[in-house]
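Numbering (my numbering), first residue to last: 11 to 124.
For each residue, glycine too, the CB sits at the ideal point set by N, CA and C.
Shown next, in structure tokens, is the structure this report addresses.
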Amino acid sequence: MIKLKQIVSFGLEQTASLFAPITVAYNWIYQAAEILDNGTGLDAIQVQRSFQTLLDSMSHEKNEALTLEPGITHFLKITRSYWSGLFHCYEVEGLPRTNNDLEQAFGVLRGVVA
11 MIKLKQIVSF
21 GLEQTASLFA
31 PITVAYNWIY
41 QAAEILDNGT
51 GLDAIQVQRS
61 FQTLLDSMSH
71 EKNEALTLEP
81 GITHFLKITR
91 SYWSGLFHCY
101 EVEGLPRTNN
111 DLEQAFGVLR
121 GVVA
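Given below as structure tokens:
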């Protein structure tokens with residue numbers, strides 16, 4: 011057991027620098043999920059503003075993601091390209107937030123029609 015602990019400790023020491031960018035990116039993703047989950051019941055404009063604030067932070071601090079910076083840059087670019095359609099689900103009650111949710115809604119209707 012002591013030998014295993016030594017091996018694991020050595021491995022963690024040798025790879026410690028790899029965890030910093032993952033931690034930065036994980037925190038951003040977690041914040042994004044919290045905002046988009048909208049557990050506090052914000053309206054569409056408030057969700058949009060909160061998400062924009064996060065994206066601004068990511069844009070200004072993306073160099074902290076080190077090796078993951080290209081992925082963050084790509085995420086920001088794609089988010090900008092889809093921006094106009096990202097927040098409709100907060101404007102229209104019952105509108106599915108994801109494609110999976112939408113497919114389930116159609117599946118229910120197929121069962122009713124069939």
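Short check: CB of residue i to CB of residue j, under 8 Å?
i: Q41; j: L64; result: yes
i: E101; j: A54; result: yes
i: A30; j: L76; result: yes
Could you check which residue in the options has the C-alpha nearest to that of residue i?
i: R59; options: F97, F85, A75, A26; result: F97
i: M68; options: N110, W38, L52, K15; result: W38
i: R90; options: F61, N73, G49; result: F61
i: L52; options: C99, H70, N73; result: C99
How long is the line joining the alpha carbons of residue i and residue j, rounded to whole angstroms?
i: Y26; j: T33; result: Here residue 26 is Ala; the residue named in the question, Tyr, does not match the sequence. Approximately 11 Å between the Cα atoms of the pair.
i: I82; j: G95; result: 20 Å
i: R107; j: E113; result: 11 Å
i: Q24; j: D66; result: 33 Å
i: F116; j: F85; result: 29 Å
Are there 16 or more other CB atoms within 10 angstroms of the CB of residue i, so buried, or fewer, so exposed?
i: I45; result: buried
i: A43; result: exposed
i: W93; result: exposed
i: M11; result: exposed
i: V57; result: buried
i: K87; result: exposed
i: K15; result: exposed
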